[in-house]
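One structure is given here, and the rest of the page talks about it.
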Amino acid sequence: MQEGKRQKQVGGLIQEEMSDIFQRLGLSMMEGGMVSISSVKITPDLLEARVYLSIFKVADEKALLKKIEERKWEIKKELAGRVKTQLRRIPELKFFLDDTLDQVFRMEEIFRQIKTEDGDKQEGADTENPS
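Residue numbers 105 to 235, in this note's numbering, belong to the letters of the sequence shown in order.
Next comes the structure, spelled out in structure tokens:
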């Protein structure tokens, strides 16, 4: 289902503010890795914000996500202070790992393997049928 204009506005606002909050609270650089807010999706009733996090160079992403979940109340309180003039109610925050980049890298690797295999087959065909 398509996101409405207001959903996109609120999502963009929350994404921007959450990025600042993560930097201020020291959440953007945790356990030697980097955390960034890749996107925020808002439900049509504007009561839930699904925050998608990209986590780089961290061994245990799920443990890091759990630490962020444990500080959710602190993050929400900070967010409320920043957007209280724009939003009547602060959405409930739900955090998810964004694995889009992992999928892109996997797809690129698959394409590379296919290209290599095709190149090997082509070379084999050329040596069998010299012109």
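For every residue, glycine included, the Cβ atom is placed at its ideal position computed from N, Cα and C.
State the Cα-Cα distance for the pair residue i and residue j, rounded to the nearest angstrom.
i    : j    : result
K109 : I146 : 11 Å
Q190 : V114 : 9 Å
Q119 : D222 : 43 Å
D202 : F160 : 11 Å
L151 : R186 : 17 Å
L168 : V208 : 22 Å
E135 : Q217 : 33 Å
Y156 : Q106 : 18 Å
M211 : T204 : 11 Å
F200 : K219 : 34 Å
M138 : K166 : 14 Å
Give the DSSP bridge partners of residue i, in chain order.
i    : result
V139 : I159
E236 : A query on residue 236 cannot be resolved here, the shown segment of the chain reaching from 105 to 235 and no further.
K145 : R154
Can you tell which of the options has the C-alpha that lies nearest to the C-alpha of residue i?
i    : options                : result
R128 : L168, V187, E178, K112 : E178
R192 : S123, S140, A184       : A184
M133 : Q226, T204, V162, F199 : V162
R154 : F126, S123, P195       : P195
E121 : E182, K112, L131, I172 : E182
K112 : S158, S143, L131       : S143
Counting along the chain, where does the alpha helix (DSSP H) carrying residue i start and finish?
i    : result
E178 : 176-187
Quick check on residue i: does DSSP put it in helix, strand or coil?
i    : result
L131 : coil
L201 : strand
G108 : coil
L169 : helix
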